[in-house]
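To keep things clear, I will list the structure first and then write my remarks on it.
In our numbering, the protein residues as written are 843 to 968.
As structure tokens, then:
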């Protein structure tokens, strides 16, 4: 009986272990930045001389920035900075004058204004 119980527990555990999720569609940068995914949501972070840009694609479709809020949290050398991003054209958010140093850890949080769904991802700047 104990062996059966252990076998059932092992089976349940093996079924509950997360298997890798393969994103479909574009997973390569479309704007020259770096990409991370969270489920069906793709984030592309682009460093520009005038600041950063963040592009959001969900289920292979650009998501209108006007319907969301976005912010970045950066950690460079132990110093943390929270930066709200401004909605721009299409699926882009802008962080004017924000510079990202190599080695910086960046977390992005996007919130859908209607559903209040939170989407997030992380980057390490090289």
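Where a beta carbon is used, it is the ideal one built from N, C-alpha and C, also for glycine.
Going by Cα to Cα distance, which pick from 921, 879, 946 is closest to residue 889? The shortest Cα separation from residue 889 among 921, 879, 946 belongs to 946.
Assigned secondary structure, residue 908 (DSSP; H/G/I helix, E/B strand, else coil): Here residue 908 sits in helix by DSSP.
Can you tell me whether residue 947 is helix, strand or coil according to DSSP? strand
Please work out which residues of its chain come closer than 7 Å, Cβ to Cβ, to residue 880, disregarding the five sequence neighbours upstream and downstream, and give them in chain order. 961, 962, 963
List the whole-angstrom C-beta distance separating residue 894 from residue 885, where the pair is believed to meet the contact cut-off of C-beta under 8 Å. About 12 Å; that fails the 8 Å criterion.
Considering only C-alpha positions, which residue in the set 942, 919, 918, 917 is nearest to residue 896? 942
CB-CB under 6 Å to residue 887, same chain, minus the five flanking residues each way: which ones, in chain order? 875, 876, 896, 965
Relative to the C-alpha of residue 891, which candidate in 937, 904, 927 has its C-alpha closest? 937
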